[in-house]
Amino acid sequence: MNLMCKEMKTLLPSGGHNHKMDVFNPRRQKEKVVIVMGATGTGKSRLSIDLATHLGAEIINSDKMQVYKGLDIATNKITEEEQRGVPHHLLGILDPNADFTATDFCDETSLTIESILGRDRLPIIVGGSNSYIEALIDDYDYKFRSKYECCFLCVNVSTPVLHSFVSKRVDKMVENGMVDEVREFFHPNADYGKGIRRAIGVPEFDKYFRYGPFLDEETKARLLEQAVEEIKNNNCKLASRQLEKIQRLRNVKGWNLHPLDATEVFRKRGKESNEAWEKFVYEPSAQIVRQFLYNYATAEVPANLGAMRVPMGSAALAAATH
């Protein structure tokens with residue numbers, strides 16, 4: 001029995017089935033794919049890793065900026081420690097100056113899904129670029145939906161709480177060295193409409209890098225403050241646009257999105273925050289995915305599932321910021 005089989009047994013009822021027969025049977029009409037959506041900062045990466053750790057899954061990044069190499073702080077890439085050994089695809093692989101379109105994403109993701117399925121693993125797609133996900137799922141001839149059955153998980157956080165968190169996250173990114181990181185990518189003739197320079201956190205620093213060396217310290221500090229404030233505002237605007245897009249996919253296109261409210265996770269701290277994550281996000285998600293994989297009308301998450309999970313250390317908590 002391979003690793004995934006052993007891990008999947010934790011999601012089966014006693015006396016359950018062989019996952020290879022139920023989930024990845026080649027006779028099945030459609031293979032299954034899990035998609036984790038949500039606005040920036042809601043905890044998508046944390047959820048995808050929690051699920052992948054116990055589903056023998058691999059993760060495909062669908063964030064259009066995180067696909068590029070470099071600017072790990074500015075693009076808020078999940079670190080190797082936070083990945084907890086879960087294989088990640090389309091993450092930090094592309095030349096920073098290259099173009100990467102929705103069509104490129106669809107082509108690469110389709111190949112990656114087939115590769116993951118070929119290893120008897122479950123593909124989990126996660127990221128905030130909803131236009132890429134829409135292009136993949138609702139392609140012009142619906143070829144994707146004819147091959148795959150999708151389970152959509154959508155992590156939500158109330159707007160005031162989310163905007164506050166996203167703004168504080170920018171301050172933390174600055175503390176972690178974002179300014180010096182972005183400085184390496186500054187060029188006076190840079191095209192901010194191409195490649196990784198489109199990322200929030202890059203064009204906002206242009207005036208600071210361009211004029212800063214010629215200004216007094218007070219004026220330079222004011223330029224830096226203005227740049228940081230602009231980054232915060234643009235991140236909040238991004239979150240609002242992402243939420244509008246998700247609402248359109250649900251209300252206009254009829255996508256069956258399973259909402260998961262993580263607001264309490266961000267309102268609380270420490271142990272209480274982790275308990276809220278388990279109660280409101282992880283456990284409901286595990287149940288939804290289990291029902292999706294095994295077609296059970298009702299299912300309870302096994303009591304021993306929580307005990308088998310990786311303890312929440314600082315790396316796991318940090319992943320909640322993605």
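Letter by letter, the sequence shown follows residues 1 to 322 of UniProt numbering. Backbone N, C-alpha and C fix where the C-beta goes; we use that ideal spot for every residue, glycine too.
Report task. Return helix, strand or coil for Ile133, following the three-state DSSP convention. Result -> As a position in the sequence shown, residue 133 is number 133, starting the count at 1. If DSSP states are grouped into helix, strand and coil, Ile133 belongs with the helices.
Query raised in the report: Under a three-way DSSP split, which group does Glu300 fall into?
Result: For the purposes of this step, residue 300 is taken as residue 300 along the sequence shown, with counting starting at 1. Its pLDDT being 46, under 50, Glu300 is placed unreliably by the model, and the measurement read from it follows with that caveat. Correct three-state label for Glu300: coil.
Query raised in the report: Counting Cβ pairs, one atom from each stretch, are 3 or more of them under 8 Å apart for the region 154 to 163 and the region 251 to 267?
Result: yes
Query raised in the report: Helix, strand or coil for Val155 per DSSP?
Result: Reading the sequence shown from its first residue, position 155 is the one you call residue 155. Looking at Val155 - three-state DSSP - the assignment turns out to be strand.
Query raised in the report: By DSSP, does Asp138 sit in helix, in strand, or in coil?
Result: In the sequence shown, residue 138 corresponds to position 138, counting from 1. Reduced to three states, the DSSP call for Asp138 is coil.
Report task. Rounded to whole angstroms, what's the CA-CA distance from Arg198 to Gln66? Just pull it up for me. Result -> Counting from 1 along the sequence shown, the entry for residue 198 is found at position 198. Counting from 1 along the sequence shown, the entry for residue 66 is found at position 66. Taking C-alpha positions only, Arg198 is separated from Gln66 by approximately 11 Å.
**Report entry** C-alpha gap between residue 331 and His88, whole angstroms
**Finding:** This structure leaves residue 331 out entirely; the chain is present only between 1 and 322.
Report task. Quick one: grab the DSSP three-state call for Lys32. Result -> Indexing the sequence shown from 1 puts residue 32 at position 32. Three-state DSSP puts Lys32 in a strand.
Query - Residue environment, Ser146, which counts as buried when at least 16 other CB atoms sit within 10 Å - result: What you label residue 146 is simply residue 146 of the sequence shown in a count that begins at 1. By the 10 Å Cβ count, Ser146 comes out exposed.
Query raised in the report: Does the distance from the CB of Gly41 to the CB of Phe165 come in under 9 Å?
Result: The residue given as residue 41 occupies position 41 in the sequence shown. The residue given as residue 165 occupies position 165 in the sequence shown. A contact, by the Cβ cut-off of 9 Å.
Query raised in the report: Pairing CB atoms from the region 125 to 145 with CB atoms from the region 100 to 110, are three or more of them under 8 Å?
Result: Cβ pair count under 8 Å is three or more, so yes.
Query raised in the report: His89 by DSSP, collapsed to three states: which one?
Result: Position 89 of the sequence shown holds residue 89. Taken through DSSP and simplified to helix, strand or coil, His89 comes out as strand.
Query raised in the report: Going by Cα to Cα distance, which pick from Ala74, Leu55, Lys69 is closest to Val86?
Result: Indexing the sequence shown from 1 puts residue 86 at position 86. The option with the nearest alpha carbon to Val86 is Leu55.
**Report entry** Neighbourhood of Ile246 by C-beta, 8 Å cutoff - its chain only, sequence neighbours within 5 removed
**Finding:** Position 246 of the sequence shown, counting from 1, holds the residue named residue 246. Only Met37, Gly38, Ala39, Asn130, Cys154, Leu257 meet the Cβ criterion.
Query raised in the report: How is Phe24 classed by DSSP in three states: helix, strand or coil?
Result: Sequence index remark: in the sequence shown, residue 24 carries index 24 (1-based). Low confidence applies here, because Phe24 scores a pLDDT of 44, under 50, leaving its location unreliable; read the following figure in that light. In this structure, Phe24 counts as coil in the three-state DSSP scheme.
Query raised in the report: Does DSSP classify Asn97 as helix, strand or coil?
Result: In the sequence shown, the residue the question calls residue 97 occupies position 97. Coil at Asn97, not helix or strand.
Query raised in the report: Does the separation of the CB atoms of Gly212 and Val182 fall below 9 Å?
Result: Residue mapping note: residue 212 aligns to position 212 of the sequence shown, counting from 1. Residue mapping note: residue 182 aligns to position 182 of the sequence shown, counting from 1. Not in contact: Gly212 and Val182 (Cβ atoms no closer than 9 Å).
Report task. Determine the extent of the beta strand (DSSP E) in which Leu122 is found, giving its start and end residues. Result -> Counting from one through the sequence shown, the residue named residue 122 turns up at place 122. Unbroken beta strand (DSSP E) run through Leu122: 122 to 126.
Query raised in the report: For Val179, is the classification buried or exposed, using 16 other Cβ atoms within 10 angstroms of its Cβ as the cut-off for buried?
Result: Numbered from 1 along the sequence shown, position 179 holds the residue referred to as residue 179. When all chains shown are included, Val179 counts as buried.
Requested in this report: Would you mind giving the Cβ-Cβ distance between Pro96 and Gly195, rounded to the nearest angstrom? I have them listed as a contact below 8 Å.
Outcome: Along the sequence shown, read from residue 1 onward, the residue named residue 96 stands at position 96. Along the sequence shown, read from residue 1 onward, the residue named residue 195 stands at position 195. Between Gly195 and Pro96 the Cβ distance is about 5 Å, and since that is below 8 Å, they are a contact.
Query raised in the report: Among residues of its own chain, excluding the 5 on either side of Phe205, which ones have a beta-carbon nearer than 6 Å to its beta-carbon?
Result: Taking the sequence shown and counting its residues from 1, the one referred to as residue 205 is at position 205. Taken in chain order, the residues that qualify are Val182, Ala227.
**Report entry** Straight-line gap, Pro203 to Glu82 (C-alpha atoms, nearest Å)
**Finding:** Within the sequence shown, residue 203 is the residue found at index 203, counting from 1. Within the sequence shown, residue 82 is the residue found at index 82, counting from 1. Computed Cα separation, rounded: 28 Å.
Report task. Provide the residue span of the beta strand (DSSP E) that contains Asn61, from first to last. Result -> Locating residue 61 in the sequence shown gives position 61, counting from the first residue. Its beta strand (DSSP E) spans residues 57 to 61.
Query raised in the report: Of all Cβ atoms in chain C, is any one closer than 9 Å to the Cβ of Glu58?
Result: Here chain C cannot be found, since the structure has a single protein chain.
Query raised in the report: Buried or exposed: where does Val34 fall if 16 or more other Cβ atoms within 10 Å of its Cβ makes it buried?
Result: Translated into the one-based positions of the sequence shown, residue 34 becomes position 34. Val34 comes out buried.
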